[in-house]
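Taking it in order: structure first as structure tokens, then the write-up.
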Amino acid sequence: MADTPSLTDSLIPLQGAENVRDLGGYAVVGGGTTQWRRVLRGDGLHALTPDDLRSLHDLGVRSVIDLRGPAELARQPSPYATRASTAASLSDGTAANPSASPSDGISYANVPLFEKLSPIDMAVSDGSYTLLGRYLEAIDQCGTRIAEVLTRIAVAEPGVVLFHCTVGKDRTGLIAGLLLSLVGVAPDTVVEDYALTERIAGPLLAGFRAAALERGLPPAQVDELLSSPPAAMAGVLAHIDARYGGVAAYLTANGVDATVQERLKERLTR
257 MADTPSLTDS LIPLQGAENV RDLGGYAVVG GGTTQWRRVL RGDGLHALTP DDLRSLHDLG
317 VRSVIDLRGP AELARQPSPY ATRASTAASL SDGTAANPSA SPSDGISYAN VPLFEKLSPI
377 DMAVSDGSYT LLGRYLEAID QCGTRIAEVL TRIAVAEPGV VLFHCTVGKD RTGLIAGLLL
437 SLVGVAPDTV VEDYALTERI AGPLLAGFRA AALERGLPPA QVDELLSSPP AAMAGVLAHI
497 DARYGGVAAY LTANGVDATV QERLKERLTR
């Protein structure tokens with residue numbers, strides 16, 4: 257049995273997003289695999305078409321967790337947040353008809369992860385800033401928010417959970433790496449999942465590259481910050497092992513107790 261699924265199986269084809277992937281099909285140490293249609297990782301969902309929204313609903317998506325910050329939300333609002341706001345604002349207190357839209361009946365939560373640590377913004381202010389440095393800073397300084405995201409995944413209502421940021425690489429990559437590691441996916445496989453973004457999201461990354469170059473960053477530095485080097489995720493996992501004693505201990509230290517960790521394992525593997 258292969259340790260990793262084929263990209264054909266894991267990538268969700270959408271018109272308005274390039275990097276939405278299923279975390280199913282990964283071999284788990286000790287036997288078994290992560291289950292399909294339990295948890296998806298993704299990039300920005302602001303450009304989803306009505307057909308995309310319907311496709312995700314039909315796949316079983318019932319919870320969306322948006323890891324972007326306020327400025328990103330203002331520039332590119334989530335269709336799921338818009339629907340949630342509309343339903344919440346009905347003056348008579350009645351709920352919207354779940355069949356009225358493919359994004360109805362899907363819960364939405366915004367949990368901004370280290371929005372002040374945008375790689376491009378940090379590189380502009382600190383020329384020595386590196387991708388791995390950014391990730392380690394996030395792990396050490398943003399444990400409470402990371403714990404909130406993973407807890408939301410654990411306690412979400414039945415159905416598929418989709419968490420995402422803008423590119424689906426940094427914030428999303430860290431959450432995916434922690435989740436896969438916790439449930440027993442081997443480190444090399446976790447690293448491989450992280451590195452896939454560079455293969456998949458070429459046009460999306462090209463747009464970010466052009467914007468970064470306009471801000472005066474050296475091309476080589478931009479390319480490094482927008483890459484998905486295996487060494488970056490490998491460095492994160494090594495750091496967590498050395499400093500915290502592993503992913504489970506890291507999550508425990510940040511408030512994700514054994515019960516919630518077990519629910520995460522059940523959600524993804526059983």
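All you need for this note's numbering is the position in the sequence shown, starting with 1, plus 256.
Using N, Cα and C, we set each Cβ at its ideal position, and we do this for glycine too.
On a predicted model such as this, the values are computed, not experimentally measured, just so you know.
For residue i, count the other beta carbons within 10 Å of its own beta carbon; 16 or more makes it buried, fewer makes it exposed. Which is it?
| i | result |
| --- | --- |
| Ser262 | exposed |
| Gln397 | exposed |
| Thr515 | exposed |
| Ala351 | Reliability of the predicted coordinates at Ala351 is poor, the pLDDT of 38 falling under 50, and the value obtained from them is presented with this limitation in mind. Counting Cβ neighbours within 10 Å, Ala351 comes out exposed, since fewer than 16 surround it. |
| Ser355 | The pLDDT assigned to Ser355 is 39, lower than 50, so where the model puts this residue is not dependable, and the model offers no usable value. |
| Gly458 | exposed |
| Arg390 | buried |
| Asp449 | buried |
| Ala487 | exposed |
| Asn353 | Because the pLDDT at Asn353 is just 37, under 50, the model does not fix this residue reliably, and the value given afterwards should be weighed accordingly. With fewer than 16 other Cβ atoms within 10 Å, it is exposed. |
| Asp513 | exposed |
| Val285 | exposed |
Report the rounded CA-to-CA distance for residue i versus residue j, giving the unit in angstroms.
| i | j | result |
| --- | --- | --- |
| Arg471 | Val478 | 10 Å |
| Gly281 | Thr260 | 6 Å |
| Arg408 | Ala467 | 33 Å |
| Gly349 | Pro333 | Any reading at Gly349 needs caution, since the residue's pLDDT is 37, under 50, leaving its predicted position unreliable; the model's value is listed next. Cα-Cα distance, rounded: 24 Å. |
| Ile402 | Ile395 | 8 Å |
| Leu418 | Asp314 | 13 Å |
| Leu329 | Thr338 | 11 Å |
| Met489 | Leu392 | 10 Å |
| Ile496 | Val416 | 28 Å |
| Leu493 | Arg310 | 36 Å |
| Thr290 | Ala498 | 26 Å |
| Asp360 | Asp265 | 26 Å |
| Leu473 | Gly463 | 14 Å |
| Arg526 | Leu406 | 17 Å |
| Thr511 | Gly424 | According to the sequence displayed, residue 511 carries Gly and not Thr. Straight-line Cα distance between these residues: approximately 25 Å. |
For residue i, which residues of its own chain have a beta-carbon under 6 Å away from its beta-carbon, when the five flanking residues on both sides are left out?
| i | result |
| --- | --- |
| Gly287 | none |
| Arg293 | Gly316 and Val416 |
| Ile268 | Val276 |
| Asp308 | Leu270, Gln271 and Gly272 |
| Ser319 | Ser363, Ala412 and Val417 |
| Gly429 | Tyr450 |
| Ala303 | Gly272 |
| Pro326 | none |
| Gly491 | Leu388 |
Please return the same chain residues whose Cβ sits closer than 7 Å to the Cβ of residue i, not counting the five positions on each side in sequence.
| i | result |
| --- | --- |
| Thr305 | Gln271 and Gly272 |
| Thr422 | Asp299, Gly300, Arg324 and Glu328 |
| Ile456 | Leu267, Glu274 and Asn275 |
| Pro475 | Leu469 |
Quick check: residue i and residue j, are their CB atoms within less than 8 Å of each other?
| i | j | result |
| --- | --- | --- |
| Gln517 | Leu507 | yes |
| Glu480 | Leu387 | yes |
| His420 | Arg297 | yes |
| Arg427 | Leu369 | yes |
| Ser484 | Ala451 | yes |
| Asp283 | Thr453 | In the sequence as displayed, the identity of residue 283 is Ala instead of Asp. For Ala283 and Thr453, no; Cβs fall outside 8 Å. |
| Leu461 | Leu434 | no |
| Ile431 | Ala365 | no |
| Val447 | Lys521 | no |
Tell me which residues share the same chain as residue i and place their Cβ nearer than 8 Å to its Cβ, disregarding the 5 neighbours each side in the sequence.
| i | result |
| --- | --- |
| Ala509 | Gly399 and Tyr500 |
| Val411 | Val516 and Arg519 |
For my contact list, residue i and residue j are in at a C-beta cut-off of 8 Å; report their separation, rounded to the angstrom.
| i | j | result |
| --- | --- | --- |
| Val336 | Leu279 | One point to set straight first is that residue 336 is Tyr, not Val, in the sequence displayed. Rounded, the Cβ-Cβ distance is 19 Å, inconsistent with contact. |
| Ser363 | Glu413 | 7 Å |
| Val367 | Ser437 | Their Cβ separation, rounded to whole angstroms, is 20 Å, which puts Val367 and Ser437 out of contact at 8 Å. |
For residue i, verify whether its CB is less than 7 Å away from any heavy atom of the ligand COA.
| i | result |
| --- | --- |
| Trp292 | As presented, the structure is devoid of all ligands, the ligand COA included, so that no description of it is given. |
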